[in-house]
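Taking it in order: structure first as structure tokens, then the write-up.
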Amino acid sequence: MAETETVAADHQRNPTGFQVFVVRLRRNLRTTTPYFAVLGIVLWLVVWWLLCEVLKAPRFEKMPGPVMVLKELLSPEPFLGISIFTEEFYQHVYVSCRRIFFAFCIATGLGVPLGLLMGWSKRFREYTFPILETLRPIPILAWVPLAILMFRGFEGPVIFLATLASLYVTTLNTLLGVDSIDESYFRAAGCLGSKPHHVFLHVVIPGALPFIFTGLQISVGVAWFSLVAAEMVSGDYGLGYLIIDAYMNNVTIPMVIGMVTLGFVGWGTSVIVRVVGSRMMQWRTRALALENR
Amino acid sequence: MNRAAMNPEQNPVQTKGAISIRNVTKIYDPEGVNVMAVDDCTLEIQPGEVCMVVGPSGCGKTTLLNAIAGFHSVTMGEIYLDGELLCGPSKPKADQGADRVVVFQNGALFPWKTLTDNVAYGPYVQGKLGKAESRQKARHMLAEAGLGDFLEKFPGEVSSGMARRAEIVRALINDPKVLLLDEPYRAMDELTKSIMHEALLEMYDRTRVTLFFITHDLEEAIFLGDRVVVMTTRPCKTKKILNVTIPRPRDYRVLSSDAFRQLVDETNEAVHEEALKAFEAGEREMA
């Protein structure tokens, strides 16, 4: 009897994280949620359009309206030199994304192990926590001159600054993630005969994952903030540079194009982090799906 | 599957798993004020015995369990397992090991592992079995416990009763000398509880592993146990020990027998007195 049950269970297929995602997406499309989201964005565009282009309300009359921005963005021969048909536009997006990619990878590669160690080893935390806490409040902009002195060229300082900001977030969240693990899991692992490296591998890392991914979502956003700040000070390309360059040249439309593009690309990066997170934490995705969340 | 039909001669006679608690005292010092959780507690548990420990909330039963498991140290006294010193004056805290596996109050299956991986964890990390073999054995044992349809489910996807059953399988796969259960069925409704009890008895009849079982529930204690140890309120020491002579295998019909009711009454008297004292002391429960 036991044998047949084993065989039957082997054939049983559980939905993977991605399948759950598809099911939820389909179910979502049948509810009103996504349509309201689209409606919300349209409403926002209409208000913007009314204020700037129709009513020309005070304080808004000098701002570019959505129609002007869209016209320029979709024009094959843009008056101000930037649209989705120009190579330059993609160059800016590409350069910024590449910098984010490097900064995010370095911050994650350093921050997660650092946070795990700090959470796991009390002694290590005693040494390092005060350093983290004193460095964390220093604004990224304050680091700009030092970054330029430390690194040559444009890439080095910009990536350094973006890394720095997201490193703090990732480390701190990972540390909190380890703290959040229930003591009984450590005890269970202990009485099942684990050695310390098993506890680290099978309890500390997976137990901290939910917090780590919350941290990574924040950290990718923070990386964008500080990247733009850094590109404004030092850079030759990038969305932040595009914005500050337009400001220097006193043209508002490319500035708004830069801002809108940044918003969408930033949203995209958060979505990627979320999807990777739910794939890596199927246990959580599936439990939440059962609760219809 | 029918326990009543099982030949009693098939039940292995247990020779391992004797716990000897000798004059154990535990004093906590959380805020500079000494709190005595266990006071000079002595208890001999035979190999293969089901020892049920009852007492008011926060009386220090769990402290005793934690000392056996090696989660806490003891202040005075010794605890032996099969004649070997677990903890004593020379070694206040016992080493944690798979010969004494704990089943926790709120359940401690790793939520990030499937039931199979949870059960396979012990033999794998102890290096007793390889990854594939330990999983194979885990699947087999889970199926035996009636969990064959949930092998690749995560604990968050199954009912609390199923999860608790899987947790007991996770303990048993290590072939422990003692199973330490800390109010494992506390949060369950009566119906689920009775199913869990029968499953536990079935498991016990098969393995005859020593059970150190903490509970508040007197009927549970008498239904499952060979002996019921009533503890005093804090500091905890043994107040009364009752032998449960109801023959095994037992099933739910035992619950309505006269012998059973009489034992409940007898225990109730002892426990009620202590519960009242504990209530009047009004102290916060300790974990």
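As you go down the protein sequences, you meet chains A and B in turn.
Add 484 to the 1-based position in the first sequence for my numbering, that's all there is to it.
Add 977 to the 1-based position in the second sequence for my numbering, that's all there is to it.
All C-beta atoms in this analysis are idealised placements derived from N, C-alpha and C, irrespective of residue type, glycine included.
Stretch-stretch touch, CB-based, cutoff 8 Å, three pairs: the segment 1043-1051 of chain B with the segment 1218-1232 of chain B: Because the criterion of three Cβ pairs below 8 Å is not met, the segment 1043-1051 of chain B and the segment 1218-1232 of chain B do not touch.
Would you list the one or two residues that DSSP bridges to V1031 (chain B)? V1031 (chain B) is bridged to B:T1192 and B:V1207.
Buried versus exposed call for M1029 (chain B) [16 or more other C-beta atoms within 10 Å across all chains shown]: The residue in question, M1029 (chain B), is buried, as its Cβ has 16 or more Cβ neighbours within 10 Å.
In angstroms, rounded to a whole number, what distance separates the CA positions of D720 (chain A) and F638 (chain A)? Going by the C-alpha atoms only, they are around 7 Å apart.
With DSSP run on the structure shown, which of helix, strand or coil describes Y1005 (chain B)? Here Y1005 (chain B) sits in strand by DSSP.
Can you grab the Cα-Cα spacing for the pair T1091 (chain B) / L558 (chain A), in whole Å? Cα-Cα distance, rounded: 51 Å.
Is Y721 (chain A) helix, strand or coil by DSSP? Coil.
Which bits of chain A does P1088 (chain B) rub up against, with CB to CB less than 8 Å? Within chain A, the residues near P1088 (chain B) are W767, R768 and A771.
Any chain B beta carbon closer than 8 Å to G599 (chain A): It does not: the Cβ of G599 (chain A) has no partner Cβ on chain B nearer than 8 Å.
State yes or no: is the C-beta of I741 (chain A) within less than 8 Å of the C-beta of I525 (chain A)? Against a cut-off of 8 Å, the Cβ pair of I525 (chain A) and I741 (chain A) comes out as no contact.
Evaluate contact between the segment 595-609 of chain A and the segment 762-777 of chain A, counting only Cβ atoms and requiring at least three cross-stretch pairs below 8 Å. In this structure the segment 595-609 of chain A does not lie against the segment 762-777 of chain A, because fewer than three pairs of beta carbons, one per stretch, are closer than 8 Å.
Tell me which residues share the same chain as M1236 (chain B) and place their Cβ nearer than 7 Å to its Cβ, disregarding the 5 neighbours each side in the sequence. Before going on, a small fix: residue 1236 (chain B) reads as Ala here, not Met. Cβ neighbours of A1236 (chain B) within its own chain (closer than 7 Å, five residues either side excluded): I1223.
With a threshold of 8 Å between beta carbons, is R671 (chain A) in contact with chain B? With 8 Å as the cut-off, R671 (chain A) counts as an interface residue toward chain B.
Under 8 Å between C-beta atoms of H681 (chain A) and A673 (chain A): The criterion of a C-beta distance shorter than 8 Å is not satisfied by H681 (chain A) and A673 (chain A).
For the candidate residues B:D1159, B:A1075, B:G1138 and B:R1142, whose alpha-carbon lies nearest to that of T1192 (chain B)? When only C-alpha atoms are compared, the closest one is B:D1159.
Cα separation between A1264 (chain B) and V1231 (chain B)? Residue confidence is low: A1264 (chain B) scores 41 on pLDDT, short of 50, so the model does not pin down where it sits. Its coordinate-derived value is still stated next. Using only the alpha carbons, I get a separation of about 33 Å.
Check the Cβ of E1134 (chain B) against every Cβ in chain A and list those closer than 7 Å, keeping chain order. Within chain A, the residues whose beta carbon sits less than 7 Å from that of E1134 (chain B) are R770, A771 and L774, listed in sequence order.
Does any C-beta atom of chain B lie closer than 8 Å to the C-beta of G674 (chain A)? At least one chain B Cβ lies under 8 Å of G674 (chain A).
Applying the 10 Å Cβ sphere with the 16-neighbour rule, what's the burial state of N1043 (chain B)? Note on N1043 (chain B): 16 or more other CB atoms within 10 angstroms of its CB, so buried under the neighbour-count rule.
Based on Cα-Cα distance, which residue from B:P1212, B:A1122, B:V1207 and B:N1151 lies nearest to A1139 (chain B)? Reading off the sequence, residue 1139 (chain B) comes out as Met, not Ala. Checking every option, the nearest Cα to that of M1139 (chain B) belongs to B:A1122.
Listing by chain order, which chain A residues have their CB less than 8 Å from the CB of R1077 (chain B)? Listed along chain A, the residues sitting closer than 8 Å to R1077 (chain B) by beta-carbon distance are C675.
Would you identify the three-state DSSP class for E1061 (chain B), choosing helix, strand or coil? Correct three-state label for E1061 (chain B): strand.
Can you confirm whether A1265 (chain B), when its beta carbon is compared against all beta carbons of chain A, has any partner nearer than 8 Å? Outside the shown range of chain B, which is 978 to 1264, sits residue 1265 (chain B), and nothing can be said about it.
Spatial neighbours of A692 (chain A) in its chain, beta-carbon cut-off 8 Å, leaving aside the 5 residues before and after: Sequence-distant Cβ neighbours of A692 (chain A) in its own chain, meaning closer than 8 Å and more than five residues away, are G599, L600, G603, T658, G661, V662, S664 and I665.
Would you give the residue range spanned by the alpha helix (DSSP H) that D1159 (chain B) belongs to? It is not in any alpha helix (DSSP H) - D1159 (chain B) instead sits in the beta strand (DSSP E) that spans V1155 to D1159.
I want to verify the contact list: residues of chain B whose CB lies under 8 Å from the CB of K679 (chain A), in sequence order. Correct list: V1102.
Counting only beta-carbon atoms, is C668 (chain A) nearer than 8 Å to chain B? For the sequence presented, residue 668 (chain A) should be read as Ser rather than Cys. Residue-level contact check: S668 (chain A) touches chain B, since one or more beta carbons of chain B fall below 8 Å from its beta carbon.
Between which two residues does the beta strand (DSSP E) harbouring E639 (chain A) extend? Segment E639 to D663 is the alpha helix (DSSP H) holding E639 (chain A); no beta strand (DSSP E) there.
Compare the C-beta of A1046 (chain B) against all C-beta atoms of chain A and say whether one is closer than 8 Å. Yes, A1046 (chain B) lies at the interface with chain A (some Cβ there is under 8 Å from its Cβ).
Chain-order list of residues whose beta-carbon lies under 8 Å from that of S668 (chain A) (same chain, five-residue window excluded): Shown here for S668 (chain A): not one same chain residue has a beta carbon closer than 8 Å to its own, the five before and five after excluded.
Roughly how many angstroms lie between the CA atoms of N1095 (chain B) and L1119 (chain B), to the nearest whole one? For N1095 (chain B) and L1119 (chain B), the gap between their C-alpha atoms comes out near 11 Å.
For the alpha helix (DSSP H) holding E537 (chain A), just list the boundary residues, first then last. Unbroken run through E537 (chain A): none, as it is neither H nor E.
F1081 (chain B) versus chain A: which residues are under 7 Å apart at the beta carbon? Against chain A, the beta carbon of F1081 (chain B) has neighbours under 7 Å at S668 and A672, listed in chain order.
At least three beta-carbon pairs within less than 8 Å, the segment 1206-1214 of chain B to the segment 1011-1025 of chain B: Output reads yes: the segment 1011-1025 of chain B touches the segment 1206-1214 of chain B.
Once you ignore the five residues that flank M433 (chain A) on each side, which residues in its own chain have a CB closer than 6 Å to its CB? Outside the displayed span of chain A (485 to 777) sits residue 433 (chain A), for which this structure offers no information.
Could you tell me whether any Cβ in chain A is nearer than 8 Å to the Cβ of G1074 (chain B)? Contact with chain A is found for G1074 (chain B), since one of that chain's Cβ atoms lies less than 8 Å from the residue's Cβ.
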